[in-house]
Structure formats: C-alpha cells, structure tokens
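Asker: Starting off with a structure, shown below.
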Amino acid sequence: MEVELSKPEYPMELAGKVALVTGASRGIGRGIARKLAALGAIVLINYNGSQQKARELAEEIAAAGGQAECIGCDVSDFAACSDMIEQIIKKYSHVDILVNNAGVTRDNLLMRMSEEDYDKVLDINLKGAFNTMRHLSKYFLMQRSGKIVNISSVSGVLGNAGQANYSASKAGLIGLTKSVARELASRGVCVNAVAPGFIDTEMTRALSEKAREAGVAAVPMGRMGSVEDIAETVAFLAGDRANYITGQVICVDGGMAI
Ligand code: NAP
Numbered sequence: 047m048e049v050e051l052s053k054p055e056y057p058m059e060l061a062g063k064v065a066l067v068t069g070a071s072r073g074i075g076r077g078i079a080r081k082l083a084a085l086g087a088i089v090l091i092n093y094n095g096s097q098q099k100a101r102e103l104a105e106e107i108a109a110a111g112g113q114a115e116c117i118g119c120d121v122s123d124f125a126a127c128s129d130m131i132e133q134i135i136k137k138y139s140h141v142d143i144l145v146n147n148a149g150v151t152r153d154n155l156l157m158r159m160s161e162e163d164y165d166k167v168l169d170i171n172l173k174g175a176f177n178t179m180r181h182l183s184k185y186f187l188m189q190r191s192g193k194i195v196n197i198s199s200v201s202g203v204l205g206n207a208g209q210a211n212y213s214a215s216k217a218g219l220i221g222l223t224k225s226v227a228r229e230l231a232s233r234g235v236c237v238n239a240v241a242p243g244f245i246d247t248e249m250t251r252a253l254s255e256k257a258r259e260a261g262v263a264a265v266p267m268g269r270m271g272s273v274e275d276i277a278e279t280v281a282f283l284a285g286d287r288a289n290y291i292t293g294q295v296i297c298v299d300g301g302m303a304i
C-alpha cells in the first residue's frame with residue numbers, strides 16, 4: 047500500500063522545511079519522501095539508477111499540491127555528494143532534514159562473500175551516510191538546527207547470518223549516528239537512527255519464499271512491516287515533536303529486536 051500524499055487529517059507540520067531523502071526513488075525512501083511531502087516539506091528526491099521512478103514520484107507529489115525535485119547522485123561518491131549538497135544549498139539556501147536511506151544488500155555466507163560485495167555494501171550503506179552528513183553538517187551547525195535520520199536495520203542491532211557485510215554497515219551506521227549526535231547536540235541538531243525489521247519492499251521481495259517465511263517467523267507480531275510504518279517514525283523524528291531526542295535507535299520491527 048502506498049503512503050498517501052494527501053489526507054485531510056495531516057497537519058502541515060513540516061511546511062517550508064527542506065528535506066533531502068537519499069535513495070528515495072523506490073521502497074522505504076519513496077514512502078518517506080511521500081510522507082514528508084504530505085506534511086508540507088519541500089522534498090529533494092535523491093536517486094542513483096532509477097531516474098524515471100524518481101521523476102514520476104516528483105510529478106505525483108506536485109500533482110497532489112506538494113513540492114519536490116529529483117537529484118541524481120551515487121551516495122558512495124564523496125565528491126559527488128559534495129556537489130549535490132552545494133547544488134541544493136545554492137538553490138534553497140538551507141536544508142532542515144536529511145534522511146540517509148539509500149542502501150543495498152549483497153547477501154552471502156562469510157565463507158563465500160567476495161571482497162567486492164563487502165566493499166560495495168559498506169560504501170553505500172555506511173560511507174554514503176558519512177558523505178552526506180560530512181558535507182551538510184557545516185550548514186546544520188551554522189543554522190543551529192537540523193534533523194538527521196539514518197535508516198539502519200534490525201540486522202545491525204542483532205546481526206544476521208548471511209549478512210555480515212550488511213549487518214556491519216548497519217551497526218556501523220548506529221555508531222556513526224551516536225557519535226555525530228554527540229558532536230552536533232550543543233548546536234540543536236538531532237541525529238537519530240531508525241532500525242526497520244522485515245519490511246515489504248523490492249529488497250525483501252527479492253528473497254526466496256523460504257527466506258521470506260523464515261523472516262516473518264522471526265517477527266513476534268507475526269507479519270511484515272509496511273513502508274508506512276517506517277515513514278511515520280521518520281516523520282516524527284524529523285519534526286519539532288522530537289526536538290529533545292538525539293542519539294537514539296528506534297526499532298520499527300514488530301518486536302524482532304526485543
Ligand atoms: P530498495 O527497495 O532496494 O530501495 C533502495 C533504494 O536505495 C533505491 O531507491 C535506490 O535507488 C537507492 N540506492 C541504492 N544505491 C544507491 C546509491 N549508491 N546512491 C543513491 N541511492 C542508492 O530498498 P528498501 O527496502 O526500500 O530499503 C531502504 C533502506 O531501508 C535501506 O537502507 C535498507 O537497508 C533499509 N532497510 C530495509 C529493510 C527491509 O526489510 N526492506 C529492513 C531494514 C532496513 P536507485 O534505484 O535509484 O539506484
């Protein structure tokens with residue numbers, strides 16, 4: 047089910063805020079972009095390979111009365127992230143919300159995992175978040191406000207057989223979140239992580255039927271989560287209601303990490 051773009055009960059609590067969501071062309075990032083737009087934010091939809099999907103999303107948001115723009119950039123590229131941030135600052139003069147959502151999996155058992163697959167996952171999932179935070183933090187510090195939400199995973203909290211690279215990247219992202227939260231806290235910048243459990247997206251649809259069944263069996267609530275479940279939590283952390291929350295990891299996982 048899609049995250050709705052307009053709902054009469056949505057207060058425009060993010061009106062006028064500029065939000066950059068990485069990996070927003072598909073899946074959870076797309077849902078987060080829709081939710082932030084529905085709450086009034088100007089959404090910058092970052093994508094890497096799926097330009098057409100990003101464009102369609104921007105058009106849908108505009109058709110629903112919101113504001114959105116697509117920005118292509120491979121988040122694992124330090125220089126390209128710098129260019130993306132500078133381009134955004136030039137146009138909008140500031141950014142209020144950064145959601146580091148872009149992520150990939152290259153699952154395999156440790157004994158069979160290639161160096162390339164290890165590096166790829168770490169480069170996108172962990173270094174990608176470093177890159178955007180590294181280039182944006184000076185603006186957050188200058189404006190003395192900002193919200194950063196990093197999308198980790200229950201795999202980073204608990205570990206998961208067959209996902210050594212992915213778990214390492216997501217656990218690393220939690221460490222990165224906590225350290226940056228400590229560095230930026232005195233300037234009113236909040237940095238938190240959301241750790242989704244087993245969420246219905248292309249990433250999990252690519253799993254075998256057996257793996258999906260095993261995934262659901264590990265969820266105390268007995269069902270997969272939705273993109274909406276994650277988008278709601280991110281929207282809360284990105285808004286003023288979460289002004290006194292920083293350095294936290296919120297597991298949105300139906301109880302997997304209990
Ligand atoms: P998805 O459906 O596979 O979508 C991944 C998104 O990341 C796409 O929009 C993709 O954009 C983008 N992306 C990949 N590489 C990129 C790069 N180098 N630069 C910029 N964007 C890039 O995955 P998802 O399930 O929505 O997952 C989103 C996030 O949630 C990930 O960080 C994932 O680890 C995390 N998560 C997911 C689950 C789950 O159960 N689904 C559970 C826990 C955590 P393009 O197509 O444009 O390249």
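Residue numbers (the working numbering): 47 to 304. All residues carry an ideal CB built from backbone N, CA and C; glycine is no exception.
If I measure Cβ to Cβ from G69 and keep anything under 6 Å in the same chain, skipping five residues before and after, which residues do I get?
Answerer: Translated into the one-based positions of the sequence shown, residue 69 becomes position 23. Correct list, in chain order: G75, N147, A148.
Asker: CA-CA distance, A156 and A303?
Answerer: In the sequence shown, residue 156 corresponds to position 110, counting from 1. In the sequence shown, residue 303 corresponds to position 257, counting from 1. The sequence shown places Leu at residue 156, rather than the Ala named in the question. C-alpha of L156 to C-alpha of A303: approximately 23 Å in a straight line.
Asker: Could you tell me which of L230, R228, G208 sits nearest to D153, measuring between CA atoms?
Answerer: Taking the first residue of the sequence shown as 1, we reach residue 153 at position 107. Measuring C-alpha to C-alpha distances from D153 to each of L230, R228, G208 identifies G208 as the nearest.
Asker: If we ignore side chains and look at the alpha-carbon of each, how far apart do M58 and S160 end up?
Answerer: Taking the sequence shown and counting its residues from 1, the one referred to as residue 58 is at position 12. Taking the sequence shown and counting its residues from 1, the one referred to as residue 160 is at position 114. Each residue's alpha carbon lies about 47 Å from the other.
Asker: Provide the residue(s) that pair with V200 in DSSP beta bridges, ordered along the chain.
Answerer: Locating residue 200 in the sequence shown gives position 154, where the first residue counts as 1. In DSSP, V200 forms no bridge with anything.
Asker: Under the DSSP definition of a beta bridge, which residues are partnered with C236?
Answerer: Walking along the sequence shown from the start, residue 236 turns up at place 190. Bridge partners of C236: K193.
Asker: Where does the unbroken beta strand (DSSP E) through A114 begin, and where does it stop?
Answerer: Stepping through the sequence shown from its first residue, residue 114 is reached at position 68. Its beta strand (DSSP E) spans residues 113–118.
Asker: Pick out whichever of V195, Y56, S199, I107 has its Cα sitting closest to the Cα of G301.
Answerer: Start at 1 with the first residue of the sequence shown, and residue 301 comes out as number 255. Minimum Cα distance to G301 is reached at S199.
Asker: Going by alpha carbons, who is nearest to N177 out of A214, I276, L219?
Answerer: Taking the sequence shown and counting its residues from 1, the one referred to as residue 177 is at position 131. Nearest C-alpha to N177: L219.
Asker: What is the DSSP secondary structure of Q294, reduced to helix, strand or coil?
Answerer: Within the sequence shown, residue 294 is the residue found at index 248, counting from 1. Correct three-state label for Q294: coil.
Asker: Looking at V141 and L204, is the spacing between their C-beta atoms short of 8 Å?
Answerer: Position 158 of the sequence shown holds residue 204. Position 95 of the sequence shown holds residue 141. No, these two residues do not count as a Cβ contact at 8 Å.
Asker: Does Y56 come out as helix, strand or coil in the three-state DSSP assignment?
Answerer: Within the sequence shown, numbered from 1, the residue matching residue 56 stands at position 10. Reduced to three states, the DSSP call for Y56 is coil.
Asker: Which runs of the beta strand (DSSP E) fall wholly inside the stretch 118–153 and span at least 3 residues, in chain order?
Answerer: Complete beta strand (DSSP E) runs here, min 3: 143–146.
Asker: Ignore the nearest five residues each way along the sequence and tell me which others in K173's own chain have a CB closer than 6 Å to its CB.
Answerer: Translated into the one-based positions of the sequence shown, residue 173 becomes position 127. Excluding residues within five positions, the ones whose Cβ falls inside 6 Å are S122.
Asker: Is the number of C-beta pairs between the stretch 224–237 and the stretch 279–297 that are closer than 8 Å three or more?
Answerer: A contact exists between the stretch 224–237 and the stretch 279–297.
Asker: Starting from the C-beta of Q189, find all residues in its chain whose C-beta is less than 7 Å away, skip the five residues before and the five after it, and write them out in chain order.
Answerer: Within the sequence shown, the letter at position 143 stands for residue 189. Cβ neighbours of Q189 beyond the five flanking positions: H140.
Asker: At which residues does the alpha helix (DSSP H) containing L168 begin and terminate?
Answerer: Taking the sequence shown and counting its residues from 1, the one referred to as residue 168 is at position 122. Premise fails: L168 is in no alpha helix (DSSP H) and is neither H nor E.
Asker: Alpha carbon to alpha carbon, what distance is there between E50 and E105?
Answerer: Within the sequence shown, residue 105 is the residue found at index 59, counting from 1. Within the sequence shown, residue 50 is the residue found at index 4, counting from 1. Near 14 Å, if we compare the C-alpha coordinates of E50 and E105.
Asker: Using DSSP with H/G/I as helix, E/B as strand and the rest coil, what is N92?
Answerer: For the purposes of this step, residue 92 is taken as the residue at position 46 of the sequence shown. N92 carries a strand assignment under DSSP once its states are collapsed to helix, strand and coil.
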